[in-house]
Amino acid sequence: MDMYAENILHHFKEPHHFGGLAKATVSAKESNPLCGDKYGMDLVIDKDGVISDASFTGEGCAISKAAVSMLMDEIIGKPLNEVEKISKENIYELLGVEVSAGRVKCALLGLKILQAAIKKYHEKIPDQR
Amino acid sequence: MFNAEDIKKDFPILRTKVNGKPLVYLDNAATSQKPECVIKATERYYSTENANVHRGVYTLAEIATGLYESTRLSVARFIGAVNGDDQPLYSEDGDIAEIIFTRGTTESINLVAYSWGDANVKEGDEILVSMLEHHSNLVPWQQLCKRKGATLKFIPIDENGEMDLDGLDDLITDKTKMVAVSMISNALGTITPVKEIVKKAKKVGAVTLVDGAQAAPHIPVNMRDLDCDFFAFSAHKMLGPTGLGVLYGKKEILEKMNPFLIGGDMIREVDLYDSTWNSPPHKFEAGTPNIAAVAAFTPAIEYLMDLGMENVFNHSKDLRDYAVSRLRELPKIHIYAEHAKNVSGIVSFTIKGVHAHDIASVLAADNVAIRAGHHCAQPLMNLMGESATARMSFYIYNTREDVDTAVRAVQKVYEIFKIS
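First to last, the sequence lines map onto chains L and C. With positions in the first sequence counted from 1, the corresponding number in this note's numbering is that position plus 41. With positions in the second sequence counted from 1, the corresponding number in this note's numbering is that position plus 143.
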């Protein structure tokens, strides 16, 4: 099974930045109603609009969890305007494996939550945009 | 009994391969595959029999109407909605009154929840379902309760995934207006004591609906014996076409009900400002129905009746028991309803440390089709503390060899995820 590459299983079993943050600037959560994957994401965004810390909680399949874990590594220390450019193609690149059609929603769940969190942040602090 | 190897030959899709691997189809609780006779009947209908029903006087229209109405008789006989003379109950217009064609089980249940429910349930009333329900037999009642200010109650289940009827006398009260339960759990496969529940519901004058989506394809059902007011099921889970469901309803209750959808074919007289309704079943079949599906449903029913529903049940149950005996040997596996006494051809399981979706993906690589998810039974999954399970569900064309192939694929899950 090519989809279950070593790096994916590693992120699944020992996810990075997992457990949530007590003092998040903004949080978002989302589930995939079809398969029951469910994650929450906490972001700390500093006054310069840089994601200084991020963490996630929740449970789901190997693909979805690895994708969120990799996304955490990717966004920490980056400014929002850069993070906002992350596309679904970037997620596939991070995963580095062929994601079958039935698993696309799993792979992209983390990105969906990230985008929802950033949207919430802009609604909260509109003048930062 | 029958030979599943012979049956396989009647299903063209079972001859298909992916990456050279033959299809092992174990998602029958979601939908069944179709035998050649059903596929041919669909083709024959569109090639030589197609016309709208209940209207034209030309030959084709009579053929189409004849096919449509004769399937109604097949259905009535299949579910035992007939009297001692093997005849169903007819309406004043001479049609089989108790069999209504819908789009599927979901629409059948919605029909009852809206047409019967809106007219008969009021504030303070109670509706009883169970913890095992598929969303299609939960959400319509939940929303009816919200519309009316009624209370929804639940029959609990025990650790084997079987309904616990100990508290049933307290759950069914004078306030209970509707008792709606499924006959087989789609998530766990447990067979529920519907007859006993219907009996108790009758005592307080409650109306009863049985969700037969999993039961009609897998066990013998008889409406006169069950004595429920409504019974809902779908053609596609029992070798028939998709987009076709059945609502059985007792004639006297259907006659009193308002229509669900309104428009063509369900009227008697239409004035500019008022209309009167046709008699059942047509009162509940607005618009042009799925005639091709209805025409192809009779061969599906005949196929099952030729095998015998007792045999159909025993075959799938035997495969379930065999699968459980094989899976039980694997480490860190949890099999739901493993020790249930009354159970059908479904086995639901999880492996600690692996999400059900990943199990299904690994099996898919070997062209073994199983379902992973909450099986449209989220409250049940929450109760079990799971977000998802992997489910194998068996049918007439499955063999022990299919189970062996599936179990070999499950063993690969352990290798890939390095679990022992």
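By construction, the Cβ of each residue, glycine as well, lies at the ideal position given by its N, Cα and C atoms.
Could you tell me which residues DSSP puts in a beta bridge with C:Y168? What you label residue 168 of chain C is simply residue 25 of the second sequence in a count that begins at 1. C:A512, per the DSSP bridge assignment.
Could you name the residues of the stretch 508 to 533 of chain C whose beta carbon sits closer than 9 Å to any beta carbon of chain L, in the order they occur along the chain? A508, A515, G516, H517, Q521, M524, E529, S530 and A531
Restricting to Cα atoms, I'd like to know which of C:G332, C:V353, C:S251 and C:S328 is closest to C:E339. Translated into positions along the second sequence, residue 339 of chain C becomes position 196. It is C:V353 whose Cα lies nearest to the Cα of C:E339.
Sort out for me which residues DSSP pairs L:G81 with in a bridge. Counted from its first residue, the first sequence places residue 81 of chain L at position 40. According to DSSP, L:G81 bridges with L:K70 and L:T98.
Tell me which residues share the same chain as L:S72 and place their Cβ nearer than 6 Å to its Cβ, disregarding the 5 neighbours each side in the sequence. The residue you call residue 72 of chain L lines up with position 31 of the first sequence. So the qualifying residues of the chain are K79.
According to a CB-to-CB cut-off of less than 7 Å, which residues of the stretch 480 to 512 of chain C neighbour chain L? Only H498, H500, D501, S504, V505 and A508 from the stretch 480 to 512 of chain C bring a Cβ to less than 7 Å from some Cβ of chain L.
Can you tell me whether C:V556 is buried or exposed? The criterion is at least 16 other CB atoms within 10 Å of its CB, across all chains shown. The residue you call residue 556 of chain C lines up with position 413 of the second sequence. The residue is buried, with at least 16 neighbouring Cβ atoms inside 10 Å.
Reduced DSSP category for C:R463 - H, G, I as helix; E, B as strand; rest coil: Along the second sequence, one-based indexing puts residue 463 of chain C at 320. Of the three classes helix, strand and coil, the one that applies to C:R463 here is helix, per DSSP.
Helix, strand or coil: how does DSSP classify C:V553 here? The residue labelled residue 553 of chain C in the question sits at position 410 within the second sequence. Of the three classes helix, strand and coil, the one that applies to C:V553 here is helix, per DSSP.
Please classify L:R170 as buried or exposed, where buried requires at least 16 other C-beta atoms within 10 Å of its C-beta. Reading the first sequence from its first residue, position 129 is the one you call residue 170 of chain L. Low confidence applies here, because L:R170 scores a pLDDT of 47, under 50, leaving its location unreliable; read the following figure in that light. Label assigned to L:R170: exposed.
Tell me which residue opens and which closes the alpha helix (DSSP H) that C:S504 is part of. Numbered from its first residue, the second sequence carries residue 504 of chain C at position 361. Taken as a continuous stretch (DSSP letters only), the alpha helix (DSSP H) holding C:S504 covers A499 to A507.
C:I410 versus C:D417 - alpha carbon distance: As a first step, residue 410 of chain C must be located in the second sequence, where it is residue number 267. As a first step, residue 417 of chain C must be located in the second sequence, where it is residue number 274. Cα-Cα distance, rounded: 11 Å.
Compute the Euclidean distance between the alpha carbons of L:E115 and L:G151, then round it to the nearest angstrom. By one-based count along the first sequence, residue 115 of chain L stands at place 74. By one-based count along the first sequence, residue 151 of chain L stands at place 110. The straight-line gap from Cα to Cα measures roughly 12 Å.
Going by DSSP in three states, C:G406 sits in which element: helix, strand or coil? Start at 1 with the first residue of the second sequence, and residue 406 of chain C comes out as number 263. Reduced to three states, the DSSP call for C:G406 is coil.
Member of C:R534, C:G163 and C:P299 whose CA lies at the smallest distance from the CA of C:H477: Locating residue 477 of chain C in the second sequence gives position 334, where the first residue counts as 1. Closest by alpha carbon: C:R534.
At the 8 Å Cβ level, is C:F427 part of the contact set with chain L, yes or no? Taking the second sequence and counting its residues from 1, one reaches residue 427 of chain C at position 284. So no, C:F427 is outside the interface.
Length of the line joining the Cα atoms of C:P155 and C:D170: On the second sequence, position 12 is the one that residue 155 of chain C refers to. On the second sequence, position 27 is the one that residue 170 of chain C refers to. If you take the alpha carbons of C:P155 and C:D170, they lie about 17 Å apart.
Measuring alpha carbon to alpha carbon, tell me which of C:R215, C:S213, C:I327 and C:K296 ends up nearest C:N485. Along the second sequence, one-based indexing puts residue 485 of chain C at 342. Considering only alpha carbons, the answer is C:I327.
Since L:Y45 meets chain C, which of its residues come closer than 7 Å, beta carbon to beta carbon? Position 4 of the first sequence holds residue 45 of chain L. In chain order: I559.
In chain order, which alpha helix (DSSP H) runs of at least 4 residues are fully inside the stretch 224 to 295 of chain C? Correct list: 248 to 254, 260 to 263 and 282 to 291.
Residues of chain C with a CB under 8 Å from the CB of L:K153: which are they? Indexing the first sequence from 1 puts residue 153 of chain L at position 112. What L:K153 touches in chain C: nothing, since even the nearest Cβ is about 17 Å away.
Would you say L:G101 lies against chain C (beta-carbon separation less than 8 Å)? In the first sequence, residue 101 of chain L corresponds to position 60, counting from 1. Against chain C, the CB of L:G101 has a partner CB under 8 Å away; the residue lies at that interface.
Inter-residue spacing [alpha-carbon to alpha-carbon] between C:P522 and C:F456: Here residue 522 of chain C refers to the residue found at position 379 when the second sequence is read from its first residue. Here residue 456 of chain C refers to the residue found at position 313 when the second sequence is read from its first residue. Spanning the two alpha carbons is a distance of roughly 27 Å.
Residue range of the beta strand (DSSP E) that C:K345 falls in? Start at 1 with the first residue of the second sequence, and residue 345 of chain C comes out as number 202. Premise fails: C:K345 lies in the alpha helix (DSSP H), V337 to K346, not in any beta strand (DSSP E).
Starting from the beta carbon of L:L75, find every residue of chain C whose beta carbon is closer than 7 Å, and list them in chain order. Position 34 of the first sequence, counted from the first residue, corresponds to residue 75 of chain L. Correct list: G516.
Taking C:D301 as the reference, give the member of C:A507, C:G407, C:L331 and C:N280 with the closest Cα. As a first step, residue 301 of chain C must be located in the second sequence, where it is residue number 158. Ranking the options by Cα distance to C:D301, first place goes to C:L331.
Taking the alpha-carbon positions, what's the L:L75 to C:W259 distance? As a position in the first sequence, residue 75 of chain L is number 34, starting the count at 1. As a position in the second sequence, residue 259 of chain C is number 116, starting the count at 1. The alpha-carbon atoms of L:L75 and C:W259 are separated by roughly 31 Å.
Taking C-beta to C-beta, are C:H518 and C:N329 nearer than 8 Å? Numbered from 1 along the second sequence, position 375 holds the residue referred to as residue 518 of chain C. Numbered from 1 along the second sequence, position 186 holds the residue referred to as residue 329 of chain C. Yes; because the gap between Cβ atoms is below 8 Å, this pair is in contact.
Quick check on C:G392: does DSSP put it in helix, strand or coil? Your numbering for residue 392 of chain C matches position 249 in the second sequence. Strand, per DSSP.
When DSSP labels each residue in this structure, what does C:K120 get in the three-state scheme? For residue 120 of chain C there is no data in the structure shown, the boundaries of chain C being 144 and 563.
Outcome for C:A118 when other beta-carbon atoms lying within 10 angstroms are tallied against a minimum of 16: Missing from the structure shown is residue 118 of chain C; chain C here goes from 144 to 563 and no further.
Integer-rounded CB distance, given that L:L135 should sit under 8 Å from L:M111: Here residue 111 of chain L is taken as the residue at index 70 of the first sequence, counted from 1. Here residue 135 of chain L is taken as the residue at index 94 of the first sequence, counted from 1. Confirmed, about 4 Å.
Distance check for L:D83 and C:E428, CA to CA, integer angstroms please. Here residue 428 of chain C is taken as the residue at index 285 of the second sequence, counted from 1. Here residue 83 of chain L is taken as the residue at index 42 of the first sequence, counted from 1. About 52 Å.
Check for me: the alpha helix (DSSP H) holding L:K64 runs from which residue to which? Taking the first residue of the first sequence as 1, we reach residue 64 of chain L at position 23. Unbroken run through L:K64: none, as it is neither H nor E.
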